[in-house]
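**Student:** Those protein sequence lines, which keep their order, are chains R and V.
Heads up, my numbering is the position in the first sequence plus 6, with the first residue counted as 1.
Heads up, my numbering is the position in the second sequence plus 6, with the first residue counted as 1.
Pasting in a structure now, in structure tokens, and then I'll have a few things to ask.
Protein chains: 2
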Amino acid sequence: MTSLSHSARTELLHDDGSAVRVLVVDDEAPLAELLCLALRYEGWDVRTAADGTSALRTARDFRPDVVILDVMLPDMDGLSVLGRLRHERADVPVLFLTAKDSVEDRIAGLTAGGDDYVTKPFSLEEVVARLRGLLRRARTVAPRAESVLTVGDLVLDEDSHEVSRGGTEIHLTATEFELLRFLMRNPRRVLSKPQILDRVWSYDFGGQANVVELYISYLRRKIDAGREPMIHTRRGVGYVLKPAVV
Amino acid sequence: MTSLSHSARTELLHDDGSAVRVLVVDDEAPLAELLCLALRYEGWDVRTAADGTSALRTARDFRPDVVILDVMLPDMDGLSVLGRLRHERADVPVLFLTAKDSVEDRIAGLTAGGDDYVTKPFSLEEVVARLRGLLRRARTVAPRAESVLTVGDLVLDEDSHEVSRGGTEIHLTATEFELLRFLMRNPRRVLSKPQILDRVWSYDFGGQANVVELYISYLRRKIDAGREPMIHTRRGVGYVLKPAVV
DNA sequence: CGGCTCCCTGTGATTCTTCTGAGAATCCGC
DNA sequence: GCGGATTCTCAGAAGAATCACAGGGAGCCG
């Protein structure tokens, strides 16, 4: 759906030309900040709230198109916030943030309505991808928007998690998939290693930038194997993905 | 995990293009909420009522195409609600919600008129399927909507609960059937284990994602046995059902 | 009651991923 | 061509996710 080069980053949802509105509800300031930056970078209009009460207030006048909601909030349960939120805007899609170990009990049933969730610690790429998914589904209920990214003869389907080049299926692991998704979302654009690390790996990843090189090499082996290369190194800067010249 | 949905999500019943209208009557707020979410997600127009009185009032101006009715209500018996409901709209189909241990024969009498029921705790997949059934049967006038799901050479009949692959009948248990139905309603889409759990198992199921793996393996044994596999594992993401390539 | 089916839990075994560390290879300016 | 910096690749350890299987318990039916 989005073949966004950076220039076309802003995605318009509303007829009046305003951008997608996202409400981030999280009491951990640094985390909310991080999300805020990343989403603004996507061209979206972001507002934050640190607790349930202000979240509801903000939701009222901001009228977000989608909400990111931490299920652990200081003043009230994420569930009750959801309930009241839905009371006002029944159809707003919600992306839940939850700690890794609480998945089983608390989330049960939440995602059933077509909402989605990510566990902390998450990667920004993951959050953005899921938000897009929610919006895609909410926006046009009827004709399903496709969830396929294409660069040259390289095709990535976000729904089925399938990747192919020139018709040949390619098996990728979860991390490889996320890395490639990030690259394909930013074709012809140099992405630095720190940038990639920030986006594709979880925010609390402590490791070295070495992994990026490693995974790039994995991807090359699978995607560029024998063919005209699409992944290029810009020494001292980063990596670019672009259609093979042939 | 991206979330579910399938191709023809929005179902239009009315000539003017409006969606199917569902009235949910249940006094347990969280439950009503859950149903509401799931049904809205199906693309239907949902309204809720917490007691018999307001149910009747809402039914009057909302004119639902189908009603979900808890037989245990605070103010009046589900039966009297039904009676009065039918007094106004004699033909509206009703899906009863009933506790597991409630008197079976009474329900049997209720559903004699072509209505249906599910026992609590239910799975959302079950409720949605039965609602579809009711609507399908109510719509008898026009070309009868089919109740058959097909993916590749795999065929599942929601009415007769029959499943076959390549012409060969396959016997599935109730749970296996529901799991397969969910998969078949979302072909080529990765479904995460929590997602499947939310949808296929009852809302109060406390167990581990372990069961999903178990039932997937059961299904594989029955559906993919010897043949080209249709159920695929996306390690770290979930499972996909897609037509065998062959 | 006894046999049957079905659902689920728990436990290992097994497979697949991820990441670290180190050395080899490459590039670039001089 | 040299030296330092950067990037690539390898091998393997640690850890996760998945699978397979055995068995307990609930419900059903004659």
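No residue lacks a Cβ here, since even glycine has one placed at the ideal position from N, Cα and C.
From the DSSP output, in three-state form, read off R240 (chain R) for me.
**Tutor:** Locating residue 240 (chain R) in the first sequence gives position 234, where the first residue counts as 1. Correct three-state label for R240 (chain R): strand.
**Student:** Do the stretch 237-249 of chain V and the stretch 156-163 of chain R touch if we need at least three Cβ pairs shorter than 8 angstroms?
**Tutor:** Cβ pair count under 8 angstroms is below three, so no.
**Student:** At least one CB of chain R closer than 9 angstroms to the CB of V217 (chain V): is that the case?
**Tutor:** Looking up residue 217 (chain V) in the second sequence gives position 211. No, no contact with chain R.
**Student:** Report the residue ranges of all alpha helix (DSSP H) runs contained in full by the stretch 138-197 of chain R; include only those spanning at least 4 residues, in chain order.
**Tutor:** Listed in chain order, the complete alpha helix (DSSP H) runs (minimum 4 residues) inside the stretch 138-197 of chain R are 180-191.
**Student:** Against chain V, which members of the stretch 115-129 of chain R pass a CB distance test of less than 7 angstroms?
**Tutor:** The stretch 115-129 of chain R vs chain V, Cβ under 7 angstroms: G115, T117, A118, G119, G120 and D122.
**Student:** In angstroms with no decimal places, state the Cα-to-Cα distance between K199 (chain R) and V246 (chain R).
**Tutor:** Within the first sequence, numbered from 1, the residue matching residue 199 (chain R) stands at position 193. Within the first sequence, numbered from 1, the residue matching residue 246 (chain R) stands at position 240. Distance between the alpha carbons of K199 (chain R) and V246 (chain R) is about 11 angstroms.
**Student:** Given that a residue counts as buried once 16 or more other Cβ atoms are within 10 Å of its Cβ, and exposed if not, what is V243 (chain R)?
**Tutor:** For the purposes of this step, residue 243 (chain R) is taken as residue 237 along the first sequence, with counting starting at 1. That one is exposed.
**Student:** Just the chain R side, please: which residues come within less than 8 angstroms of S196 (chain V) by C-beta, in chain order?
**Tutor:** Start at 1 with the first residue of the second sequence, and residue 196 (chain V) comes out as number 190. The question names Ser, yet the displayed sequence has Val at residue 196 (chain V). Near V196 (chain V) (Cβ distances below 8 angstroms), the residues of chain R are D165, S166 and H167.
**Student:** Below 7 angstroms on C-beta distance, what does G89 (chain R) contact in chain V?
**Tutor:** In the first sequence, the residue the question calls residue 89 (chain R) occupies position 83. The contacting residues are E39.
**Student:** So does the stretch 47-61 of chain R actually touch the stretch 213-225 of chain R, counting three or more Cβ pairs closer than 8 angstroms?
**Tutor:** Taking 8 angstroms as the limit for Cβ pairs, the verdict is that the stretch 213-225 of chain R does not touch the stretch 47-61 of chain R.
**Student:** Which class does P235 (chain R) belong to by DSSP, given the choice of helix, strand or coil?
**Tutor:** Here residue 235 (chain R) corresponds to residue number 229 of the first sequence, with the count starting at 1. Reduced to three states, the DSSP call for P235 (chain R) is coil.
**Student:** Just reading off the beta strand (DSSP E) that V31 (chain R) is part of, what are its end residues?
**Tutor:** Counting from one through the first sequence, the residue named residue 31 (chain R) turns up at place 25. It spans R27 to V31 - the beta strand (DSSP E) in which V31 (chain R) sits, taken as one unbroken run.
**Student:** Excluding the five sequence neighbours on either side, which residues of its own chain have a C-beta within less than 6 angstroms of the C-beta of A56 (chain V), listed in chain order?
**Tutor:** For this step, residue 56 (chain V) is matched to residue 50 along the second sequence. Cβ within range, chain order: D33.
**Student:** Would you mind telling me which residues of chain V sit closer than 7 angstroms to A96 (chain R), beta carbon to beta carbon, in chain order?
**Tutor:** Position 90 of the first sequence, counted from the start, is the residue given in the question as residue 96 (chain R). Going along chain V in sequence order, the residues near A96 (chain R) (Cβ under 7 angstroms) are R46.
**Student:** Would DSSP call F102 (chain R) helix, strand or coil?
**Tutor:** Sequence index remark: in the first sequence, residue 102 (chain R) carries index 96 (1-based). Looking at F102 (chain R) - three-state DSSP - the assignment turns out to be strand.
**Student:** Going by the CB atoms, is the gap between R92 (chain R) and R69 (chain R) shorter than 9 angstroms?
**Tutor:** Translated into positions along the first sequence, residue 69 (chain R) becomes position 63. Translated into positions along the first sequence, residue 92 (chain R) becomes position 86. No; because the gap between Cβ atoms is not below 9 angstroms, this pair is not in contact.
**Student:** Answer yes or no: do R195 (chain V) and D165 (chain R) have a C-beta to C-beta separation smaller than 9 angstroms?
**Tutor:** As a position in the second sequence, residue 195 (chain V) is number 189, starting the count at 1. As a position in the first sequence, residue 165 (chain R) is number 159, starting the count at 1. Their beta carbons are under 9 angstroms apart, which means R195 (chain V) touches D165 (chain R) by this criterion.
**Student:** Does the distance from the C-beta atom of L140 (chain R) to that of V72 (chain R) stay below 9 angstroms?
**Tutor:** As a working mapping, residue 140 (chain R) is identified with position 134 in the first sequence. As a working mapping, residue 72 (chain R) is identified with position 66 in the first sequence. Yes, the Cβ-Cβ distance between L140 (chain R) and V72 (chain R) is below 9 angstroms.
**Student:** Answer yes or no: do D122 (chain R) and L101 (chain R) have a C-beta to C-beta separation smaller than 9 angstroms?
**Tutor:** Position 116 of the first sequence, counted from the first residue, corresponds to residue 122 (chain R). Position 95 of the first sequence, counted from the first residue, corresponds to residue 101 (chain R). Yes. Within cutoff.
**Student:** Which term fits Q201 (chain V), buried or exposed, when burial requires 16 or more other beta carbons within 10 angstroms of its beta carbon?
**Tutor:** Residue 201 (chain V) sits at position 195 when you count from the first residue of the second sequence. Per the 10 Å Cβ criterion, buried.
**Student:** Straight-line CA distance for L225 (chain R) to L178 (chain R)?
**Tutor:** Here residue 225 (chain R) refers to the residue found at position 219 when the first sequence is read from its first residue. Here residue 178 (chain R) refers to the residue found at position 172 when the first sequence is read from its first residue. So the alpha carbons of these two residues sit roughly 8 angstroms apart.
**Student:** Using the three-state DSSP reduction, which class does T118 (chain R) fall into: helix, strand or coil?
**Tutor:** As a first step, residue 118 (chain R) is located in the first sequence; it is residue number 112 there, counting from the start. In the sequence as presented, Thr is not what sits at residue 118 (chain R); that position holds Ala. A118 (chain R) falls in the helix class under three-state DSSP.
**Student:** Determine the chain V residues that contact R92 (chain R) at a beta-carbon separation under 8 angstroms, and present them in chain order.
**Tutor:** Position 86 of the first sequence, counting from 1, holds the residue named residue 92 (chain R). In chain order: E39, C42 and L43.
**Student:** So which of R:E175, R:L37 and R:K228 has the shortest CA-CA distance to D204 (chain R)?
**Tutor:** By 1-based counting over the first sequence, the position of residue 204 (chain R) is 198. Here the closest residue by C-alpha is R:L37.
**Student:** State the start and end residues of the unbroken alpha helix (DSSP H) segment that holds L40 (chain R).
**Tutor:** On the first sequence, position 34 is the one that residue 40 (chain R) refers to. Residues A35 to Y47.
**Student:** With respect to the alpha helix (DSSP H) encompassing R205 (chain V), which residues constitute its N-terminal and C-terminal limits?
**Tutor:** For the purposes of this step, residue 205 (chain V) is taken as the residue at position 199 of the second sequence. Note, R205 (chain V): alpha helix (DSSP H), K199 to V206.
**Student:** So what does D76 (chain R) bridge to, in DSSP terms?
**Tutor:** For this step, residue 76 (chain R) is matched to residue 70 along the first sequence. Note: D76 (chain R) sits in a beta bridge opposite R:L103.
**Student:** When Cβ atoms are compared, which residues of the stretch 178-190 of chain R fall closer than 9 angstroms to chain V?
**Tutor:** Going along the stretch 178-190 of chain R in chain order, one finds T179, A180, T181 and F183 with a Cβ nearer than 9 angstroms to chain V.
**Student:** State yes or no: is the C-beta of T59 (chain R) within less than 9 angstroms of the C-beta of D81 (chain R)?
**Tutor:** What you label residue 59 (chain R) is simply residue 53 of the first sequence in a count that begins at 1. What you label residue 81 (chain R) is simply residue 75 of the first sequence in a count that begins at 1. The answer is yes: Cβ separation under 9 angstroms.
**Student:** So with Cβ pairs under 9 angstroms, would you call L141 (chain R) a contact of chain V?
**Tutor:** Counting from 1 along the first sequence, the entry for residue 141 (chain R) is found at position 135. Answer no: the Cβ-Cβ gap between L141 (chain R) and chain V never drops below 9 angstroms.
**Student:** V28 (chain V) touches chain R at which residues, Cβ-Cβ below 9 angstroms?
**Tutor:** Your numbering for residue 28 (chain V) matches position 22 in the second sequence. Going along chain R, no residue has its Cβ under 9 angstroms from V28 (chain V), so there is no contact; the nearest lies around 13 angstroms.
**Student:** Starting from V52 (chain V), follow the beta strand (DSSP E) in both directions and report where the run begins and ends.
**Tutor:** If you number the second sequence from 1, residue 52 (chain V) lands on position 46. Where V52 (chain V) is concerned, the enclosing beta strand (DSSP E) stretches over D51 to A55.
**Student:** With a threshold of 9 angstroms between beta carbons, is T8 (chain R) in contact with chain V?
**Tutor:** As a working mapping, residue 8 (chain R) is identified with position 2 in the first sequence. In this predicted model, T8 (chain R) has a pLDDT of only 38, less than 50, meaning its place in the structure is not dependable; the value taken from the coordinates is given anyway. Not closer than 9 angstroms to any Cβ of chain V, the Cβ of T8 (chain R) fails to qualify, so no.
**Student:** Taking just the CA atoms, how far does A105 (chain R) sit from D67 (chain R)?
**Tutor:** By 1-based counting over the first sequence, the position of residue 67 (chain R) is 61. By 1-based counting over the first sequence, the position of residue 105 (chain R) is 99. So the two alpha carbons sit approximately 29 angstroms from each other.
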